[in-house]
Amino acid sequence: MRPKLVVGNWKMNGSRANNATLLAGIVEGLGQGNGKASAAVCVPAPYLHQCADALAGAPLAWGAQDVSVHASGAYTGEVAAAMLADFGCRYVIVGHSERRAYHGESDELVAQKALAALNAGLTPIVCVGETLAQREAEQTNAVVGKQMAAVLELLDEGMVERIVVAYEPVWAIGTGKTATPAMAQEVHAQLRSQLRARSAAAADKVAILYGGSMKPDNAVELLAQADIDGGLIGGAALKAADFLAIIQAA
Ligand code: 13P
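What follows is the structure, encoded as structure tokens:
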């Protein structure tokens, strides 16, 4: 069985004071439990230094929410994968639907970002997911399949084994609407077989997280599905008690 992974995506939230309280609360809670799930937080880039200081030696990994495809140079405002690695990041989210929608990120660009992350020794959390209109038009499998295919085409087999995938139906993000466990499992199973077609080893190893209004009260049922290996948590990751309850469920 694949180990479970729960990742908080703070999005553009936080302040040094609030982060200190939240991180301390999570670490304290993790210290009390002896759960087997791994946990991480992906924070706004200015707070990576704070994570590196506050989480040294703690059972909570950290990461960023985006990365440049470029290694260095004249790219104002961009953050290179090597810089994230320099701050002790283990993870970086790539292709979140908010970046695809508001920053025009294409499937190919997202794949390039995953490659840049892997080249720097980071684990990319590759997000895929359909909009409500696409689901209603019965295009979910095609849309998610194409998003995944771009990544599988660019990465070599060994690299594919090192990614994490997150299925986040866009219509479930921040809306309080969750995919039913069966709906989520169906897409996760499709992603798993797509991985298997590329590499059997990767299909067995790669964690496929579910994201989209995952909360303490629906986490157990979602996480019980055969191909749901954890969660990518937005709103509920901003409260230590809720985030810990999801980790506990995992
Ligand atoms: P919510 O948990 O707030 O729906 O956000 C999910 C998400 O987008 C995580 O990346």
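For the sequence shown, my numbering begins at 169 and goes up steadily by one.
Virtual Cβ for every residue (Gly too), placed ideally from N, Cα, C.
Note that the structure is predicted; figures quoted are calculated from it, not measured.
So, Gln-218 versus Asn-177, is the Cβ gap smaller than 7 Å?
-> no
Label Lys-172 either buried or exposed according to how many other C-beta atoms from any shown protein chain fall within 10 Å of its C-beta, with 16 as the threshold for buried.
-> buried
In whole angstroms, what separates the C-alpha of Arg-494 from that of Ala-317?
-> Nothing can be reported for residue 494: it is not among the residues displayed for the chain, which extend from 169 to 418.
Please state whether DSSP places Cys-257 in a helix, a strand or coil.
-> coil
Among Leu-286, Glu-273, Val-262, Asp-221, nearest to Ala-250 - alpha-carbon criterion | Leu-286
With a cut-off of 8 Å on the beta carbons, I'd call Leu-400 and Ala-352 a contact; round off their distance for me.
-> Actually they do not touch by this definition, with Cβ atoms about 12 Å apart.
Should Asn-177 be listed as close to the ligand 13P, given that the test is whether its C-beta is under 6 Å from any heavy atom?
-> yes
Which residues does DSSP pair with Tyr-335 in a beta bridge?
-> Val-296, Tyr-378
Please report the Cβ distance between Gly-402 and Ala-418, rounded to the nearest whole angstrom; I am assuming they are in contact, meaning their Cβ atoms lie under 8 Å.
-> No, Gly-402 and Ala-418 are not in contact; Cβ-Cβ is about 16 Å, not under 8 Å.
Thinking C-alpha only, which one of Ser-183, Cys-210, Gly-203, Ala-205 is nearest Ala-155?
-> The requested residue 155 does not occur in the structure, where the chain is confined to residues 169 to 418.
Any non-hydrogen atom of the ligand 13P within 6 Å of Ile-341 CB = yes
With distances taken from CA atoms, which of Gly-380, Ile-415, Gly-199 is nearest Val-296?
-> Gly-380
Neighbour-count burial assignment, Glu-306, 16 or more Cβ in a 10 Å radius = exposed
Identify the continuous beta strand (DSSP E) that holds Leu-216 and give its terminal residues.
-> Unbroken run through Leu-216 is the alpha helix (DSSP H), 216-222; no beta strand (DSSP E).
Asp-395: buried (16+ other C-beta within 10 angstroms of its C-beta) or exposed?
-> buried
Is Gly-379 near the ligand 13P, in the sense that its beta carbon is under 6 Å from a heavy atom of that ligand?
-> yes
Examine the ligand 13P and report whether any of its heavy atoms sits within less than 6 Å of the Cβ of Gly-402.
-> yes
Under three-state DSSP, which class holds Thr-189?
-> helix
Could you check what DSSP says for Asn-177 in three-state terms: helix, strand or coil?
-> strand
Cα-Cα separation, Asn-386 to Gly-241 | 45 Å
Leaving out five residues before and five after Tyr-215 in sequence, what residues of the same chain have Cβ atoms less than 7 Å from its Cβ?
-> Gly-182, Asn-187
As assigned by DSSP and simplified to three states, the class of Ala-205 | coil
Straight-line CA distance for Arg-364 to Lys-383?
-> 30 Å
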